[in-house]
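In UniProt numbering, the protein residues as written are 1 to 179. Glycine is no exception: its CB is placed at the ideal position from the N, C-alpha and C atoms. Just so you know, these numbers come straight off a predicted model, no measurement behind them.
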């Protein structure tokens, strides 16, 4: 049985792994524009499946990444499906504050469709990580009946004016960057 949120703890690096990556892997991992738009352009159909959306206490590492004093955040976990195949597991940490936030209660709308429409959007450098066959994310791979494979992921902090949030994306077996 899988317990959400899935652990995405890893050795996140900014550019240390670049020499180990193929040009295709680099293209997908360091895409600065909307990953949602890139996935849509490579498939006939695109869907979002919400796995979990819960309120959690932010860890000290997350507060440091977000440069935040918020105590809690909505953790949203989704699968991004291309042509009905899961290709990306995404996890967003959306700090809870007193103001109304358009990123809460998004349902099955892709986060990328919302945030990349805002000209005020800013993003920190993308960090990448490897997830080997012993990482907890592999429980999801098994549940989805996907082949076991070492996976690649990326994360970055986004800002919409003063609001900062963390997005992590792990490319599942069969994702385009492994082609």
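Taking a cut-off of 8 angstroms for Cβ pairs, the stretch 27 to 36 and the stretch 59 to 67 do not touch, as fewer than three such pairs fall below it. With 16 or more neighbouring CB atoms inside 10 Å of its own CB, residue 94 falls in the buried class. For residue 122, the enclosing beta strand (DSSP E) has its first and last residue at 121 to 123. Inclusion of residue 155 and residue 146 in the CB contact set at 8 angstroms is not warranted, their separation being larger than that value.
For residue 21, there is no enclosing alpha helix (DSSP H), as DSSP gives it neither H nor E. Contact annotation: residue 87 and residue 175 have beta-carbon atoms nearer than 8 angstroms. At a Cβ-Cβ threshold of 8 angstroms, residue 107 and residue 50 count as neighbours. A straight line joining the alpha-carbon of residue 59 with that of residue 24 spans about 33 angstroms.
Listed as beta-bridge partners of residue 173 by DSSP are no residues whatsoever. In the DSSP assignment, residue 55 forms a beta bridge with 74. By the neighbour-count definition (other C-beta atoms within 10 Å, threshold 16), residue 115 is a buried residue.
Membership of residue 61 in the alpha helix (DSSP H) is indicated by the continuous run 60 to 66. For residue 4, the number of other beta carbons within 10 angstroms of its own is below 16, and it is reported as exposed.
Collapsing the DSSP output to three states places residue 107 in coil.
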